[in-house]
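**Q** Below: one structure in structure tokens.
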Amino acid sequence: MARTYYVVGGEYADTTFTTLAPGQSEETFGPFEERQAHECWRALTGKTVDNAMVRYFIRETGPETGEGGWYVVGGEYTGTDFTTIAAGSPAQVLGPFDRQTALATWRDLTGRTVDSALTRFDLSTEAELKRRGLLVG
21 MARTYYVVGG EYADTTFTTL APGQSEETFG PFEERQAHEC WRALTGKTVD
71 NAMVRYFIRE TGPETGEGGW YVVGGEYTGT DFTTIAAGSP AQVLGPFDRQ
121 TALATWRDLT GRTVDSALTR FDLSTEAELK RRGLLVG
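Positions 21 to 157 (my numbering) are the ones given, in order, by the sequence shown.
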């Protein structure tokens with residue numbers, strides 16, 4: 021069974037994002053493949069950036085394929101389509117980590133590079149990195 025992804029969220033009662041606001045229901049978009057889920061998430065969060073009570077996240081279903089660990093991969097890209105790494109700035113591949121450590125590393129890197137519109141980092145499994153040619157073996 022392949023993994024599928026859903027974008028889930030809505031307006032919450034407060035910034036702990038544990039309880040939906042009164043009268044609100046959880047919104048679910050999908051199913052998607054991973055890239056399409058991230059595109060949907062970016063579109064939704066871009067539309068709601070001015071409301072601190074709205075949050076969306078990506079929920080994954082299917083078999084856990086994080087065998088071999090999780091990696092944080094990214095760097096500076098040539099454009100906002102985030103498909104080509106900028107010349108002289110090789111892709112950074114950090115890991116392997118357990119999922120929680122990978123997430124903490126990703127948060128740290130994205131926090132430090134928030135002012136660079138051309139810098140992006142993503143979480144990837146070993147299998148995804150091999151498929152993209154970023155990990156040999």
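By construction, the Cβ of each residue, glycine as well, lies at the ideal position given by its N, Cα and C atoms. Being a predicted model, the structure only gives us computed values, none of them experimental.
In this structure, does DSSP put Arg23 in helix, strand or coil?
**A** Of the three classes helix, strand and coil, the one that applies to Arg23 here is coil, per DSSP.
**Q** Taking just the CA atoms, how far does Gly153 sit from Ala147?
**A** Between Ala147 and Gly153, the C-alpha separation is close to 10 Å.
**Q** Three or more C-beta pairs under 8 Å: does that hold for the region 124-142 against the region 87-96?
**A** In short, these stretches touch, since the Cβ pair count reaches three.
**Q** Using only alpha-carbon positions, find the residue among Asp118, Asp70 and Ile78 that is nearest to Thr24.
**A** Looking at the Cα atoms, Ile78 is the closest of the given residues.
**Q** Taking Leu64 as the reference, give the member of Gly29, Leu155, Ser45 and Leu129 with the closest Cα.
**A** When each option's Cα is compared against that of Leu64, the closest is Gly29.
**Q** Could you tell me the alpha carbon to alpha carbon distance between Gly131 and Pro42, rounded to whole angstroms?
**A** Approximately 31 Å, taken between the alpha carbons.
**Q** At the 8 Å Cβ level, is Ser144 part of the contact set with chain C, yes or no?
**A** Among the chains in the structure shown there is no chain C, since it carries only a single protein chain.
**Q** Taking the beta strand (DSSP E) that Glu46 falls in, what are its first and last residues?
**A** Neither: Glu46 is in no beta strand (DSSP E) and is coded neither H nor E.
**Q** Taking buried to mean at least 16 other C-beta atoms within 10 Å of its own C-beta, is Ala137 buried or exposed?
**A** The residue is exposed, with fewer than 16 neighbouring Cβ atoms inside 10 Å.
**Q** Mind checking whether Glu31 and Val74 have CB atoms under 8 Å apart?
**A** Contact flag set, yes.
**Q** By a C-beta neighbour count over all protein chains shown, 10 Å radius and 16 as the cutoff for buried, is Gly115 buried or exposed?
**A** Gly115 should be labelled buried.
**Q** Hey, how far is the Cα of Thr36 from the Cα of Thr121?
**A** Answer to the nearest angstrom: the Cα atoms are 21 Å apart.
**Q** I think Leu129 touches Phe141, with their Cβ atoms under 8 Å apart; what is that distance to the nearest whole Å?
**A** Their Cβ separation, rounded to whole angstroms, is 5 Å, which keeps Leu129 and Phe141 in contact under 8 Å.
**Q** Roughly how many whole angstroms lie between the Cα atoms of Thr103 and Glu96?
**A** Going from the Cα of Thr103 to the Cα of Glu96 covers about 10 Å.
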